[in-house]
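First the structure, in the form of structure tokens, and then the observations on it.
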Amino acid sequence: MSAKDYPANFVELLQSITAKRPKTVIDHILQHGQITTEELKNLYGYNHPPRAIRDVKEHGIPIKMFRVTGSDGRKIAAYRFGDPADIRATQLSGRTAYSANLKAMLIEKYGIRCNIYLESFPVRELQIDHRVPFEISGDNSELSSDVNEYMLLCASANRAKSCSCENCLNWKNKDVAICKTCYWAYPESYNHVAMHNIRRLDLLWSSEEVADYDTLLKAANKIKETLPEYVKNVLRSHFNKNGG
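Its first residue numbered 552, the sequence shown is counted upward by one per residue in my numbering.
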């Protein structure tokens with residue numbers, strides 16, 4: 552199906568999207584009727600196809616997934632436009648109009664840092680992200696006006712969050728309450744990580760701290776421990792000595 556086969560308001564929405572990744576997906580579907588995960592990887596270099604599809608959905612465009620046979624004979628995911636009547640009045644289409652203001656508000660509230668790593672990054676490297684994934688709570692019209700529903704993430708943290716969320720059982724159940732008690736939504740206060748009873752601490756070493764990291768790694772290798780094991784043992788020793 553080409554643009555002329557869709558309602559005018561649907562085509563207008565498709566044509567209003569200029570961001571490279573969602574536009575690439577949209578143009579391909581308009582030309583070929585569908586796009587596969589294989590094409591997203593091989594033709595366009597997107598190693599995380601679900602993220603590219605999410606970019607399209609976040610603009611309110613309905614997308615349907617189905618299965619086709621890939622070049623290796625295995626079943627792979629493919630995507631096409633859903634019913635144009637299901638266009639969603641998305642917050643992100645509105646968000647693009649005031650993203651600079653939203654980013655400024657987030658920086659004023661949290662500082663110029665990643666909300667996951669709690670480290671400073673150049674402003675241009677920080678990305679606005681929903682605390683609760685849009686895929687879970689996209690129909691909540693209050694999100695676009697409440698700065699508390701967003702966070703700033705560096706690219707690495709954003710990729711890690713996307714991967715974890717998309718492999719969480721709640722990705723299908725879409726229970727907002729579960730997301731709101733998750734590390735990826737509120738790392739400062741959470742009960743689980745993607746519905747697993749674990750706790751997580753993400754640490755970065757930068758600039759002159761890299762030497763400290765190298766020292767830790769060398770010490771861990773010397774006694775044949777992994778670095779996480781070594782750091783945990785150092786902390787345990789510290790607390791035991793200080794009565795923690």
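Even for Gly, the Cβ is constructed at its ideal location relative to N, Cα and C.
To the nearest angstrom, how far is the alpha carbon of K792 from that of N748?
28 Å
Among all the DSSP beta bridges, which residues are the ones paired with K615?
R631
Out of A771, P738, A745 and L565, which has the shortest C-alpha to C-alpha gap to L581?
L565
State buried or exposed for R682, treating a residue as buried only when at least 16 other CB atoms are found within 10 Å of its CB.
buried
Is the distance from the Cβ of M755 to the Cβ of Y668 below 7 Å?
Checking the sequence shown, residue 755 turns out to be Leu, not Met. Yes.
Does DSSP classify V607 as helix, strand or coil?
helix
What number of angstroms, rounded off, separates the C-alpha of T620 from the C-alpha of K608?
24 Å
Determine contact between the region 761-768 and the region 671-680, defined as no fewer than three beta-carbon pairs at a distance below 8 Å.
no
Do the CB positions of N742 and T732 come within less than 7 Å of each other?
yes
Taking the beta strand (DSSP E) that Y701 belongs to, which residues open and close that run?
Y701 to C705
Quick one: is H610 buried, meaning 16 or more other Cβ sit within 10 Å of its Cβ, or exposed?
buried
Same chain only: Cβ atoms within 6 Å of S688, ignoring 5 sequence neighbours per side:
V727
Under a three-way DSSP split, which group does S740 fall into?
coil
Give me, in chain order, the residues of the same chain whose beta-carbon lies closer than 8 Å to that of Y781; leave out the 5 immediate sequence neighbours on both sides.
L767, A770, A771 and I774
In whole angstroms, give me the CA-to-CA distance for N784 and F790.
10 Å
Sufficient close CB pairs (3 or more, under 8 Å) joining the region 699-707 to the region 652-667:
yes
State the Cα-Cα distance for the pair P600 and T575, rounded to the nearest angstrom.
12 Å
Is S788 helix, strand or coil by DSSP?
helix
Locate the alpha helix (DSSP H) running through D578, then write down its first and last residues.
K571 to H583
Helix, strand or coil: which one does DSSP assign to T620?
strand
Verify whether the separation of the beta carbon atoms of A628 and M616 is less than 7 Å.
yes
Give the single residue among S740, S758 and S757 whose Cα lies nearest to the Cα of R750.
S740
With 16 other Cβ atoms within 10 Å as the buried cut-off, status of L587
Note on residue identity: the sequence assigns Thr, not Leu, to residue 587. When all chains shown are included, T587 counts as buried.
Put S688 into one of helix, strand or coil per three-state DSSP.
helix
Which residues DSSP lists as bridging D680, in chain order
M702
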